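Chemist: Quick one: structure below, then a few questions.
Residue numbers (mature numbering (1 follows the signal peptide of the UniProt record, and there is no 0)): -22 to -1, 1 to 177.
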């Protein structure tokens, strides 16, 4: 009898310990299951962020219009839609948001959601730069340097690219190097004077 009671108590303890063992035991999930769970969570967060940006943009929050345009362009929180991205960027740009102007210029350069038009893109990048957006200044400088969308102005283009590079905008530094205009040991202003005298 004693043996039966001991066996029964061991069995009861073992059954009671099962949930704890399952909770802390060696329960495995595949990498795919983990990735799917993270993707679902991210999608829900992006959907909520897109909805919030849509509401804020409708109430003339031009930073939110830029974020909304970026979400449409990248397909975050829903389907990718370049036309809606262009619309949101345009609203942001009209509200004097430099990032919005740069976003619309990018789409205009590549013909996504709007007709490709380098002349309009150059005007938009200039406007972006005027509103203080560093990426817009770098892109405008690149267009000036190469003559894309209008006449060439190498000296001004190089100055804008160099200024963006000096402010740690890596794309501008890479672009200067690609154009053969960036030499880290040279004096920037001397290079600009030299470039200006050549053109």
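Positions of the beta carbon are idealized from the N, C-alpha and C atoms, including for glycine.
Since the model is a prediction, treat every value here as computed from it, not as a measurement.
1) Using the Cα positions of residue 135 and residue 96, report the straight-line distance between them to the nearest angstrom.
2) Should the segment 99 to 107 be called in touch with the segment 73 to 80, which here means at least 3 C-beta pairs below 8 angstroms?
3) Mind checking whether residue 45 and residue 26 have CB atoms under 7 angstroms apart?
4) Considering only residues of the same chain and omitting the five flanking positions on each side of residue 38, which have a CB-CB separation below 7 angstroms?
5) Return the Cβ separation of residue 82 and residue 116 in integer angstroms, given the expectation that the two are a contact with Cβ distance under 8 angstroms.
6) By alpha-carbon positions, which one of 19, 12, 41 and 62 ends up nearest to residue 111?
7) Quick check: what's the CA-CA separation for residue 20 versus residue 89?
8) Evaluate residue 70 with the Cβ neighbour count: other Cβ atoms within 10 Å of its Cβ, from every protein chain shown; 16 or more gives buried, anything less gives exposed.
9) Sort 153, 52, 146 and 91 by Cα distance to residue 119 and report the nearest one.
10) In the DSSP assignment, find the alpha helix (DSSP H) that holds residue 132 and state where it starts and stops.
11) Alpha carbon to alpha carbon, what distance is there between residue 132 and residue 151?
12) Assign residue 57 to one of two classes, buried (16 or more other C-beta atoms within 10 Å of its C-beta) or exposed (fewer than that).
13) Can you tell me where the alpha helix (DSSP H) with residue 154 in it begins and where it stops?
14) Could you tell me if residue 65 is buried or exposed, where buried requires 16 or more neighbouring beta carbons within 10 angstroms of its beta carbon?
15) If you count every other CB in all the chains shown that lies within 10 Å of the CB of residue 124, and 16 or more means buried, which is it?
16) Report back the beta-carbon spacing between residue 114 and residue 159 to the nearest angstrom; my notes put them in contact at under 8 angstroms.
Modeler: Quick look at the numbers:
1) So the alpha carbons of these two residues sit roughly 16 angstroms apart.
2) yes
3) no
4) Correct list, in chain order: 73.
5) The pair is not a contact, with the Cβ atoms about 16 angstroms apart (cut-off 8 angstroms).
6) Check the Cα spacing between residue 111 and each of 19, 12, 41 and 62: the tightest is with 41.
7) 29 angstroms
8) buried
9) Of the listed residues, the one whose Cα sits closest to residue 119 is 153.
10) 132 to 144
11) Just so you know, the alpha carbons of residue 151 and residue 132 end up roughly 15 angstroms apart.
12) exposed
13) 148 to 157
14) Sixteen is the threshold: when 16 or more other Cβ atoms of the shown chains lie within 10 Å of the Cβ of residue 65, as they do, the residue is buried.
15) exposed
16) Not a contact, Cβ separation roughly 19 angstroms.
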